[in-house]
Amino acid sequence: MRKILLLILILSLTLITGCSSRAEVKQMAIKEQAMIEEVAPMVDEMNKSFSKWKSGEITREQLSTEIALHYPKIHKINQDWDTSKRNLTRFAKNNASLWKISYMSNICYSLENFIANTTQGYPESIAATKGKPLSDKLLIASFQKFIVEDYNYNVIKATKGINEVINFF
Numbered sequence: 000m001r002k003i004l005l006l007i008l009i010l011s012l013t014l015i016t017g018c019s020s021r022a023e024v025k026q027m028a029i030k031e032q033a034m035i036e037e038v039a040p041m042v043d044e045m046n047k048s049f050s051k052w053k054s055g056e057i058t059r060e061q062l063s064t065e066i067a068l069h070y071p072k073i074h075k076i077n078q079d080w081d082t083s084k085r086n087l088t089r090f091a092k093n094n095a096s097l098w099k100i101s102y103m104s105n106i107c108y109s110l111e112n113f114i115a116n117t118t119q120g121y122p123e124s125i126a127a128t129k130g131k132p133l134s135d136k137l138l139i140a141s142f143q144k145f146i147v148e149d150y151n152y153n154v155i156k157a158t159k160g161i162n163e164v165i166n167f168f
């Protein structure tokens, strides 16, 4: 009789922790979706600024200033995401579905790299990095790599994972 009760208790605890870890992962998926939606308008503004610079409407210094305005917000979003992941229970961290939605850090990393490359050498910029400004050719390559390729790839992967997690749980 005791063995049966112990078995029931163990199964109950396993079920409860499994359900709570799924709920945590689903909450993280919802959070990641909200963060992607929060970042999207900033990326649109960076795209517009970059296009204006490329067409000669604004100077490189103006581009640096416009792009740098987004750094504090993006950096804060990245910190919030990292904090949320650290605060997950051990069971949620071991949930395989968590890996389907762990793209927010990559998204922010791509944006922060582009901002750093754009502001490099412009000390009056909020997010300026040391060194000489990148050549126009390298800045265009940086935009292609970090915004067109990496950002878009990670948003697509995150969105797919978010939909799978939300629909599954």
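Just so you know, we're using numbering that gives the first Met the number 0 here: the sequence shown kicks off at 0 and counts up by one.
Where is the CB? At the ideal position from N, CA and C, for every residue including glycine.
DSSP state of residue i mapped onto helix, strand, coil
i, result
"Tyr-102", "coil"
"Pro-71", "helix"
"Ile-125", "Any reading at Ile-125 needs caution, since the residue's pLDDT is 49, under 50, leaving its predicted position unreliable; the model's value is listed next. Of the three classes helix, strand and coil, the one that applies to Ile-125 here is coil, per DSSP."
"Gln-143", "helix"
"Gly-160", "helix"
"Asn-86", "coil"
"Tyr-150", "helix"
"Glu-56", "coil"
"Ser-96", "helix"
"Leu-133", "coil"
"Gln-119", "coil"
CB-CB length for residue i against residue j, believed under 8 Å
i, j, result
"Ile-100", "Val-164", "6 Å"
"Asn-112", "Leu-138", "With a Cβ gap of about 12 Å, Asn-112 and Leu-138 do not count as contacting."
"Asn-86", "Arg-21", "At roughly 16 Å, the Cβ-Cβ gap does not stay under 8 Å, so Asn-86 and Arg-21 are not in contact."
"Ala-140", "Ile-35", "25 Å between Cβ atoms; not a contact."
Beta-carbon proximity check, residue i vs residue j, cutoff 8 Å
i, j, result
"His-69", "Met-45", "yes"
"Phe-145", "Ser-96", "no"
"Ser-54", "Ile-66", "no"
"Ile-106", "Asn-153", "yes"
"Ile-161", "Ala-28", "yes"
"Asp-81", "Ser-104", "yes"
"Tyr-150", "Ser-83", "no"
"Val-38", "Ile-76", "yes"
"Gln-119", "Pro-132", "yes"
First through last residue of the alpha helix (DSSP H) which encompasses residue i
i, result
"Ala-91", "89-92"
Residue i: CB within 7 Å of a non-hydrogen atom of the ligand COA
i, result
"Asn-112", "The ligand COA is not part of the structure shown, which contains no ligands of any sort."
inquiry  = If we require 3 or more residues per run, which beta strand (DSSP E) segments fall completely within the region 24-50?
reply    = none
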